[in-house]
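S.K.: A single structure is presented below for examination.
There are 2 protein chains.
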Amino acid sequence: MLKTKAKTAAKTRIQSENQDLILKAALDVFSTYGFRGATVDQIAVKCGLSKPNLLYYFRRKEDLYAAVLEQTLTEWLAPLRMLDVNNDPIAELTRYIEAKLDMSFANPAASKLFANEILHGAPHVAKYLKGPLKDLVEAKNAVLRQWITEGKIRSVDPRHFIFAIWAITQHYADFSVQVEALLKPAEKPATIKAAVVEILLRGLKVS
Amino acid sequence: MLKTKAKTAAKTRIQSENQDLILKAALDVFSTYGFRGATVDQIAVKCGLSKPNLLYYFRRKEDLYAAVLEQTLTEWLAPLRMLDVNNDPIAELTRYIEAKLDMSFANPAASKLFANEILHGAPHVAKYLKGPLKDLVEAKNAVLRQWITEGKIRSVDPRHFIFAIWAITQHYADFSVQVEALLKPAEKPATIKAAVVEILLRGLKVS
DNA sequence: ACGCGTCTTGACCATTTGATCAAGAATGAA
DNA sequence: TTCATTCTTGATCAAATGGTCAAGACGCGT
Numbered sequence: 000m001l002k003t004k005a006k007t008a009a010k011t012r013i014q015s016e017n018q019d020l021i022l023k024a025a026l027d028v029f030s031t032y033g034f035r036g037a038t039v040d041q042i043a044v045k046c047g048l049s050k051p052n053l054l055y056y057f058r059r060k061e062d063l064y065a066a067v068l069e070q071t072l073t074e075w076l077a078p079l080r081m082l083d084v085n086n087d088p089i090a091e092l093t094r095y096i097e098a099k100l101d102m103s104f105a106n107p108a109a110s111k112l113f114a115n116e117i118l119h120g121a122p123h124v125a126k127y128l129k130g131p132l133k134d135l136v137e138a139k140n141a142v143l144r145q146w147i148t149e150g151k152i153r154s155v156d157p158r159h160f161i162f163a164i165w166a167i168t169q170h171y172a173d174f175s176v177q178v179e180a181l182l183k184p185a186e187k188p189a190t191i192k193a194a195v196v197e198i199l200l201r202g203l204k205v206s
Numbered sequence: 000m001l002k003t004k005a006k007t008a009a010k011t012r013i014q015s016e017n018q019d020l021i022l023k024a025a026l027d028v029f030s031t032y033g034f035r036g037a038t039v040d041q042i043a044v045k046c047g048l049s050k051p052n053l054l055y056y057f058r059r060k061e062d063l064y065a066a067v068l069e070q071t072l073t074e075w076l077a078p079l080r081m082l083d084v085n086n087d088p089i090a091e092l093t094r095y096i097e098a099k100l101d102m103s104f105a106n107p108a109a110s111k112l113f114a115n116e117i118l119h120g121a122p123h124v125a126k127y128l129k130g131p132l133k134d135l136v137e138a139k140n141a142v143l144r145q146w147i148t149e150g151k152i153r154s155v156d157p158r159h160f161i162f163a164i165w166a167i168t169q170h171y172a173d174f175s176v177q178v179e180a181l182l183k184p185a186e187k188p189a190t191i192k193a194a195v196v197e198i199l200l201r202g203l204k205v206s
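As given, the protein sequences belong to chains Y and Z, one line each in that order.
Under numbering that gives the first Met the number 0, the first residue of the first sequence is numbered 0, with each subsequent residue one higher.
Under numbering that gives the first Met the number 0, the first residue of the second sequence is numbered 0, with each subsequent residue one higher.
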């Protein structure tokens, strides 16, 4: 009936399952080898599909990459959006930093995928950076400025402080190989979180 | 005479010139597109040589990549080696942070090349990370611990603090596209340096 | 100017890889 | 069961790309 005629592609069970399989495998492979380094065959093998079958769901390699990237981006900024001007600054920032570190530990592939994209000039997300991301950063810039004005935290350049949080927290995902090589006996996430929070926030506390 | 017999390849003028051209172009291309993404032809065109001619100087693409990477690594850690336990901690750390930022501004390609290598699992420098780099980090770890013991700076996890410096300073090179998109009117290097130094060091100052 | 060794390149090869297609297999609603 | 739709794949193609080679051009010390 309408089901087959409907322009709004209603997903069948098989479609949902396979697209999910493909996206998971693609995130792994793309984040490890980069867009050019990854091969469609690699991804197909990883999720147990044939190459033509994978290309039945995503007609071009680039379509698949774009889908993986988009899926990652949406969840990437959720913790920052939650930064609430009405709560205690140190508590809010601690929560944000720890949430970002948890994401780096739990899903380093997502962080690496994003890092790779930006590193290579952000050809697929340039619009996103100048649009939604910039808007969000400006909003949180205002939050930090208000906290400073109210004397709740010491003065700091809000934008560069956000960059610092991103840089450090994502460093533990993007440079995990280096971190693990230099931290002889692996440290517990809780230890790392405490160290990072202290480094970033001690300078902000008043008196 | 000996010149032609010598095992130690004495470079001719043309060799020096062309190898230099090739390494410069290769750094640009590799850092922009990654190892797999870069093509030998691209690099050859960029330095005005034919592909076979380039391959006359570096027989395999991987040899060229290794040469570029090695050249980059040596100069990469120079500023950290200079960290002197006998000088004032804040002055020394300020100098180090500013030196790293200067490197990011002046030669972002080198930073991106290194980031890309680590991001993809450090297949060519794993030995380097566990050897020379680890030794250097441990040495500077000791320096920071001594400063803390002497009460010259407040307590901090030295290794994670070094990671923080690396992460933030290299962020301005590796994520330059994002930074530029979010910093509407471009900021002067001096402004960024002041902001970063403040974020990293304010928490370390005593009393 | 000579001649040896260095440098350069057009043509070519083998492999990898993204993508296509026609034909057949599975699915599921009636 | 029927049959239209969806799903799957072996075979195959065209382009890109790392690398080779033989032949010739050039540099340079004598």
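Beta carbons are placed, not taken as given, at the ideal position from N, Cα and C, and that holds for glycine.
#1: Can you check which of these residues, R35(Y), D40(Y), V39(Y), is closest to T38(Z) by C-alpha distance?
#2: Locate the alpha helix (DSSP H) running through K99(Y), then write down its first and last residues.
#3: Rounded to whole angstroms, what's the CA-CA distance from F162(Z) to P51(Y)? Just pull it up for me.
#4: Classify V205(Z): buried if its beta carbon has 16 or more other beta carbons within 10 angstroms, exposed otherwise.
#5: Helix, strand or coil for A194(Z), going by three-state DSSP, please let me know.
#6: Under 7 Å between beta-carbons, which chain Z residues line up against A166(Y)? List them in chain order, please.
#7: Once DSSP output is grouped into helix, strand and coil, what is the label at T7(Z)?
#8: Three-state secondary structure (DSSP) at P188(Z)?
#9: Among E16(Y), A109(Y), L79(Y), G120(Y), whose alpha-carbon lies nearest the alpha-carbon of V28(Y)?
#10: How many whole angstroms separate the CB atoms of I198(Y) and H159(Z), which I take to be in contact at a CB cut-off of 8 Å?
#11: I need the DSSP call for K2(Y), collapsed to helix, strand or coil.
#12: Looking at the unbroken alpha helix (DSSP H) that takes in P131(Y), where does it start and where does it end?
#13: Within 10 angstroms of the Cβ of P122(Z), are there 16 or more other Cβ atoms? Answer buried if so, exposed if not.
#14: Does K10(Y) get closer than 8 Å to chain Z when you measure Cβ to Cβ?
#15: Just mark G130(Y) as buried or exposed, buried being the case when its beta carbon has 16 or more other beta carbons within 10 Å.
#16: Does the beta-carbon distance from A172(Y) to K111(Y) come in below 8 Å?
#17: Does the pairing of the region 92-99 of chain Y with the region 79-93 of chain Z give three or more beta-carbon distances under 8 Å?
#18: Under 8 Å by Cβ, that's how I've got V195(Z) and I167(Z) pegged, so tell me the actual separation to the nearest angstrom.
#19: Could you name each continuous alpha helix (DSSP H) segment of 4 residues or more that falls completely within the region 140-181 of chain Y, going from the start of the chain to the end?
#20: How would you list, in chain order, the residues of chain Y whose beta-carbon sits under 8 Å from the beta-carbon of V136(Z)?
#21: Can you name, in chain order, every residue of its own chain whose Cβ lies under 7 Å from the Cβ of L68(Z), other than the five neighbours on each side?
#22: Which stretch, first to last residue, makes up the alpha helix (DSSP H) that contains A43(Y)?
#23: Quick one: Cα of G147(Z) to Cα of E97(Z), how far?
#24: If we ignore side chains and look at the alpha-carbon of each, how far apart do S30(Z) and R12(Y) end up?
#25: Quick check on the burial criterion: 16 or more other C-beta atoms within 10 angstroms. Buried or exposed for L100(Y)?
#26: Rounding to the nearest angstrom, what Cα-Cα distance links E149(Z) and L128(Y) in this structure?
#27: With 8 Å set as the bound, which would you pick, yes or no: does the beta-carbon of D173(Z) sit closer than that to a beta-carbon of chain Y?
#28: Around the Cβ of M0(Z), are there at least 16 other Cβ atoms within 10 angstroms (buried) or fewer (exposed)?
#29: Residues in the region 138-161 of chain Y with C-beta within 9 Å of chain Z's C-beta atoms, listed in sequence order?
#30: Pull up the CB-CB distance for L203(Z) and V155(Z), whole angstroms please, since I reckon it's below 8 Å.
#31: Can you tell me the Cα-Cα spacing of N106(Y) and V176(Y), whole angstroms?
#32: How should A43(Y) be labelled, buried or exposed, when 16 other C-beta atoms within 10 angstroms of its C-beta is the threshold for buried?
#33: Let's see if you can read the secondary structure: which residues bound the alpha helix (DSSP H) around G33(Z)?
#34: Between which two residues does the alpha helix (DSSP H) containing R80(Y) stretch?
#35: Using a cut-off of 9 Å between C-beta atoms, extract the partners of L132(Z) located in chain Y.
#36: Using the Cβ count rule (16 or more neighbours within 10 Å means buried), how would you classify A77(Y)?
M.R.: Well, looking at it:
#1: Along the second sequence, one-based indexing puts residue 38(Z) at 39. With distances taken between Cα atoms, T38(Z) lies closest to R35(Y).
#2: In the first sequence, residue 99(Y) corresponds to position 100, counting from 1. Its alpha helix (DSSP H) spans residues 88-105.
#3: Counting from 1 along the second sequence, the entry for residue 162(Z) is found at position 163. Counting from 1 along the first sequence, the entry for residue 51(Y) is found at position 52. So the two alpha carbons sit approximately 44 Å from each other.
#4: Position 206 of the second sequence, counting from 1, holds the residue named residue 205(Z). V205(Z) comes out exposed.
#5: By one-based count along the second sequence, residue 194(Z) stands at place 195. Here A194(Z) sits in helix by DSSP.
#6: If you number the first sequence from 1, residue 166(Y) lands on position 167. Residues of chain Z passing the Cβ test: A166, I167, H170.
#7: Locating residue 7(Z) in the second sequence gives position 8, counting from the first residue. Here T7(Z) scores only 44 on pLDDT, less than 50, and its place in the model should not be relied on; the value that follows carries that caveat. Residue state, collapsed to three classes: coil.
#8: For the purposes of this step, residue 188(Z) is taken as residue 189 along the second sequence, with counting starting at 1. P188(Z) falls in the helix class under three-state DSSP.
#9: For the purposes of this step, residue 28(Y) is taken as the residue at position 29 of the first sequence. V28(Y) has its Cα closest to that of A109(Y), out of E16(Y), A109(Y), L79(Y), G120(Y).
#10: Translated into the one-based positions of the first sequence, residue 198(Y) becomes position 199. Translated into the one-based positions of the second sequence, residue 159(Z) becomes position 160. About 6 Å; that satisfies the 8 Å criterion.
#11: Numbered from its first residue, the first sequence carries residue 2(Y) at position 3. Reliability fails at K2(Y), whose pLDDT of 35 lies under 50, so the model's placement of it is uncertain and no value is given.
#12: The residue you call residue 131(Y) lines up with position 132 of the first sequence. Element bounds for P131(Y): n/a, residue is neither H nor E.
#13: Within the second sequence, residue 122(Z) is the residue found at index 123, counting from 1. P122(Z) should be labelled exposed.
#14: The sequence position of residue 10(Y) within the first sequence is 11, counting from 1. It does not: the Cβ of K10(Y) has no partner Cβ on chain Z nearer than 8 Å.
#15: Sequence index remark: in the first sequence, residue 130(Y) carries index 131 (1-based). G130(Y) is exposed by the Cβ-count criterion.
#16: Within the first sequence, the letter at position 173 stands for residue 172(Y). Within the first sequence, the letter at position 112 stands for residue 111(Y). Contact: yes.
#17: no
#18: Residue numbering aside, residue 195(Z) sits at position 196 when the second sequence is read from its first letter. Residue numbering aside, residue 167(Z) sits at position 168 when the second sequence is read from its first letter. About 6 Å; that satisfies the 8 Å criterion.
#19: 157-173, 175-181
#20: Locating residue 136(Z) in the second sequence gives position 137, counting from the first residue. The answer, in chain order, is L181.
#21: As a first step, residue 68(Z) is located in the second sequence; it is residue number 69 there, counting from the start. So the list reads L112, E116, H123, V124, once near-sequence residues are dropped.
#22: Here residue 43(Y) is taken as the residue at index 44 of the first sequence, counted from 1. A43(Y) -> alpha helix (DSSP H) spans 39-45.
#23: On the second sequence, position 148 is the one that residue 147(Z) refers to. On the second sequence, position 98 is the one that residue 97(Z) refers to. According to the sequence provided, residue 147(Z) is Ile. The question's Gly does not apply to it. So the two alpha carbons sit approximately 22 Å from each other.
#24: One-based indexing of the second sequence puts residue 30(Z) at position 31. One-based indexing of the first sequence puts residue 12(Y) at position 13. Spanning the two alpha carbons is a distance of roughly 42 Å.
#25: Residue 100(Y) sits at position 101 when you count from the first residue of the first sequence. Buried is the call here.
#26: Taking the first residue of the second sequence as position 1, residue 149(Z) is located at position 150. Taking the first residue of the first sequence as position 1, residue 128(Y) is located at position 129. The straight-line gap from Cα to Cα measures roughly 45 Å.
#27: Walking along the second sequence from the start, residue 173(Z) turns up at place 174. Cβ-Cβ to chain Y under 8 Å: yes for D173(Z).
#28: Translated into the one-based positions of the second sequence, residue 0(Z) becomes position 1. Low local confidence applies: a pLDDT of 32 at M0(Z) is under 50, so the model's placement there is unreliable, and no value is given.
#29: R153, S154, V155, D156, R158, H159, F160, I161
#30: Counting from 1 along the second sequence, the entry for residue 203(Z) is found at position 204. Counting from 1 along the second sequence, the entry for residue 155(Z) is found at position 156. Confirmed, about 6 Å.
#31: Sequence index remark: in the first sequence, residue 106(Y) carries index 107 (1-based). Sequence index remark: in the first sequence, residue 176(Y) carries index 177 (1-based). Distance between the alpha carbons of N106(Y) and V176(Y): 14 Å.
#32: To locate residue 43(Y), count along the first sequence from 1; it is residue 44. The residue in question, A43(Y), is buried, as its Cβ has 16 or more Cβ neighbours within 10 Å.
#33: Here residue 33(Z) is taken as the residue at index 34 of the second sequence, counted from 1. 12-36 is the extent of the alpha helix (DSSP H) around G33(Z).
#34: As a working mapping, residue 80(Y) is identified with position 81 in the first sequence. Taken as a continuous stretch (DSSP letters only), the alpha helix (DSSP H) holding R80(Y) covers 77-80.
#35: For this step, residue 132(Z) is matched to residue 133 along the second sequence. Result: Q177, A180, L181.
#36: Looking up residue 77(Y) in the first sequence gives position 78. Per the 10 Å Cβ criterion, exposed.
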